[in-house]
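This report refers to the structure that appears directly beneath it.
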Amino acid sequence: MAKKNAYPSPESINFIETIDEVYNSVLLIDQSNVQSVFDKIKNHQILNLPNGIQMIVSIVLNTFKNVQKSRTSLISLIKSLIQIQNFKELLLQRAFAFDSVYVTFSSNRGNFILIARLIDEGILQAQDTFPYLQHYVKLADDYYPHAALLYYTFAPEISTNSELNTEFTKAAEFIHKNNLYDFHFQKLHESFSLLSKDSFSLLKKYRDQGFMDMSTEAIVHNDAVGALSYIENLNESLECSIFEPSPFLENHPTPLMLSAFCGSSAIFNDLVAKTDINGSNPDGYTVAQFAAAGGQLEFLKKLNEMKADFKGCLQIAILNHQKEVYDYLVNVIKIPLNNMHPRFSTPLVSSIFADNVDVFLSFAKKDKTVDANAKDKTFMTPIHQASGHGSICILQALLMFPNANVNAKDKNESTPLIESVSRSQISTLKVLLQNDKLDVNAKDKRMQAAIHIAATNGDTEIIETLLSDKRTDANIGNRLGNTAMILALENKHTSTAITMTKFDNVKSDARNTLGVAPIHVAVERNYEDVVKTLIEKKVDINVLTKKGKKAPLHTACELGFIPIINLLLSQPNIKVNIKNSEGWTSLHYAAEYSHLEAAKLLVSKNADINALNIGNETPLHFALQAQLPDVAEYLLSLPNIDVKTSSVEGWTSLHFAANNGYFNICVKLIEMYREAVNSVTSKGKTPLFCAAQTGKDAIMRLLIENGADPAAKDIEEKTPLHYASENGHIEAMNYLLQQKSVDVNAKAFELLTPLHLAARYNRTEAMKILLSNKNIEPNCKTEDGITPFKYAVMAHADDCIAILKLDERIKQ
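Quick note: the sequence shown, position 399, residue 399 per full-length UniProt numbering, numbers continuous.
As structure tokens, then:
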């Protein structure tokens, strides 16, 4: 089917013009017209539009961040706007990236300064920010710089909030350690502006402490050209250069670039003649681009006279909402509106990224300039870009274009909705959900729908917003059939999962392709609150996974999560003896992993202490193979415990106890069932074989004293001495050789003797003991005619070869 273009309609142009009218009023605000701007907004039809207040918040924040000369006037305007319902809440949400899952210092610095100013002016209270601060510090990728910026603004009230106090105490230590006593570095700024000797010594002090960049920033902000010249003269001793990019400041500017951004004319004029004006810093930015970002029109005019390259400047001016610079570049420099820059894309895309309504309007008014369905090289449309960048004004305009495809897919098959949710843009998400044609359940190439991504990110507000839309399939599965609730739990977002259970359209027991339900994940991750919530939702607490047929109680007992075990066992419908695909009960799991308290709880709820798995093994068998004897000792104390049953392979409880070295338990088992002493496995081994093979000489003595045959043979015709020799258990060998019935030259399958096995496995001490026995046949041969010496040579058992060579009896 042919692609349909989506060009602006008169209705969409009218909408953009409506927004642009407010945008320009805010952009051109000054102290003389604050009241008139407020009156215009208050009485404007924008407040009647969907998301109208969000659009005002977006315009105010963008203007404050990018137009520094208007900041004081904007503070006054915000003081009035606070009166509008929901404005304060939405302002704080956007300022503290409450609709994001990832933040950086540079992206939010202007917002922090705004909030600090509002608190200083008494327009906001510090306590208003606490819920948003708590969310924010969890997102920050470089937490301490954020805290350094915020701490002194909120310090007086921080101590009243215990949750924040701990985090900000760490920040305080960082600030004091590094002498960052004021987030504006105001004292440092003032010191340099005085150009006193003290300022130079302070400069040296900060340089020595590694804060040269902060010192340079202070000088440039104060346009202290004398101090900068002083640095230039001292650059050798200070090991710095005024022409080098700062490795620490945002976007790594040189002093010239910083002066171009700040409008520091003395420093700019001093350095511009000494520098390659078209050179770029490591990030690829030029002096002209910094001037465009800062709205420094006069500097751009001078750079134009010097034949500066203005590539990318138009896009940067748009991104930073610098209207005067934009007009100059378009009307004077004549940069074409379809200008493409590899880093910044097109001016149109830049206007979408920045929600720059004024520039977008200039495009939309030109016939067929803006196509809402046009795709870039990654197949993203302007609707994708507006959705992902939180550009609610422009997104609403784009969706009004005839034929606008709200479900367009990019190269990764992501829709605008998925893009919005992936970037946690709650504002654009709400705009998209107002569209009747939206496919809320569309999946990307990885078979993830928007709700899956929100759950993976733990974005509870977005989850709530999606679930409130009746079109959302709350139980849709991804590639593995995982629902949003399962994904939330797998990614440790328990509060998100609990929130989901409050919605009637969410099936709290929906399972994935492996039969895993949310309760399985919650139990495995030890999320007690979630398990409690799921039980309250009446989920099946005995549900089995498809692979392994594992119940939640099995997992809890395997991991020893006592509170969850108690919680499950307190339910009247719990199946204490339910089995997995291998026939294990919960008591088998508790025994296998030595969880004594779990075993006691199960027994108190009538767990079958003699339950058999498919290998005919009881929980006692499992307990006797565990690293600790506690559970085995407890089970043996129970009146009806079965110690006679053997496994499919013929192992009795005494075999397992002897193999694991549990002497006291062996004593008790012999007392309870003496016949087990000479019981044999399917391979003909008695418990004595197990003790000899693992070197448990004390248990060997116990067994032999109770009638075990020390010369018994298994189906390979090996004796206990064979196993003790091949494993090098010296004490066991010595004890066995003391028994009259034990033959030191006993022949096993293929006529292997204990000496052959000691040679094969390089057991030097074992070999010495055997060779010292008066009855040893040192040159005995196997069926193939191989002597112990040849066995040692074949096995490269060099230590044994050396011993055998010293024995005169050995035939080499």
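Beta carbons are placed, not taken as given, at the ideal position from N, Cα and C, and that holds for glycine. Only a predicted model underlies this, so the values are computations on that prediction, with no experimental measurement involved.
With contacts defined by Cβ atoms closer than 8 Å, Ala95 and Ile123 do not form a contacting pair. If you ignore the 5 residues before and after Leu348, its C-beta comes within less than 6 Å of the C-beta of Phe363, all in its own chain and listed in chain order. Fully enclosed alpha helix (DSSP H) runs of no fewer than 4 residues occupy 518–524, 528–536, 552–559, 562–569 of the region 516–588, in order along the chain. Under DSSP, Ser594 takes part in no beta bridge, so it has no partner. Within the model, the alpha-carbon separation for Asn616 versus Leu514 is close to 27 Å. In the DSSP annotation of this structure, the continuous segment of the alpha helix (DSSP H) that includes Cys690 starts and ends at 687–694. Just measuring C-alpha positions, the residue of Pro342, Ser647, Pro710, Asn660 sitting nearest Val677 is Pro710. Asp630: member of the alpha helix (DSSP H) spanning 630–636, first to last residue.
If the five residues before and after Asn779 are omitted, its C-beta is found closer than 6 Å to the C-beta atoms of Thr787, Lys811, all from its own chain and listed in chain order. Under the DSSP definition of a beta bridge, Lys443 partners with Ala449.
Boundaries for Asp371: no alpha helix (DSSP H) harbours it, and the DSSP string shows neither H nor E there. Within 10 angstroms of the beta-carbon of Pro687 lie 16 or more other beta-carbons, which makes it buried.
CA-to-CA, the gap between Arg511 and Ser420 works out to about 27 Å. Residue pairing by DSSP places His341 opposite Ser345 in a beta bridge.
Note that the C-beta distance between Ile519 and Leu567 is not below 8 Å.
Annotated three-state conformation of Ser653 is helix, per DSSP.
One Cα belongs to Ala632, the other to Arg701, and the distance between them is close to 22 Å. The closest CA to that of Asp410, considering only Asn403, Ser387, Pro402, is found on Ser387. At the C-beta level, Ala397 and Phe15 come within 8 Å of one another. Just measuring C-alpha positions, the residue of Asp39, Ile78, Pro382, Phe261 sitting nearest Ala6 is Pro382. Take Ile476, set aside five residues on each side of it, and the residues of its chain with a beta-carbon closer than 6 Å to its own are Asn441, Ala449, in chain order.
For Gly388, the enclosing alpha helix (DSSP H) has its first and last residue at 382–388. Asp714 and Lys683 have their C-alpha atoms spaced approximately 6 Å apart. Of Glu558, Asp309, Thr460, the smallest CA-CA separation from Ser594 is found for Glu558. For the 8 Å CB-CB criterion, Ala748 and His722 form a contact. Sequence-distant Cβ neighbours of Leu620 in its own chain, meaning closer than 6 Å and more than five residues away, are Leu635, Ser653. Straight through space, the alpha carbons of Ala293 and Ile277 are spaced by roughly 16 Å. Here Thr719 carries a coil assignment [DSSP, helix/strand/coil].
Excluding five sequence positions before and after Glu750, the CB atoms of its chain that fall closer than 6 Å to its own CB belong to Thr782, Glu783, given in chain order. By the Cβ criterion, the region 34–46 is not in contact with the region 421–432, since fewer than three pairs of Cβ atoms, one from each stretch, lie closer than 8 Å.
Taking a 10 Å sphere around the C-beta of Ser725, we find 16 or more other C-beta atoms and assign the residue as buried.
Nearest to Lys507 by C-alpha distance, out of Asn542, Lys805, Ala474, Leu612, is Ala474. Pairing Leu271 with Ile392, the inter-Cα distance amounts to about 41 Å.
Here Ala590 has Cys557, Ala598, Ala599, Leu602, Val631 as same chain residues with Cβ atoms under 7 Å from its own Cβ, once five neighbours each way along the sequence are excluded. Counting the other CB atoms within 10 Å of its CB gives Thr585 a total of 16 or more, which places it among the buried residues.
For the 8 Å CB-CB criterion, Leu27 and Lys323 form a contact.
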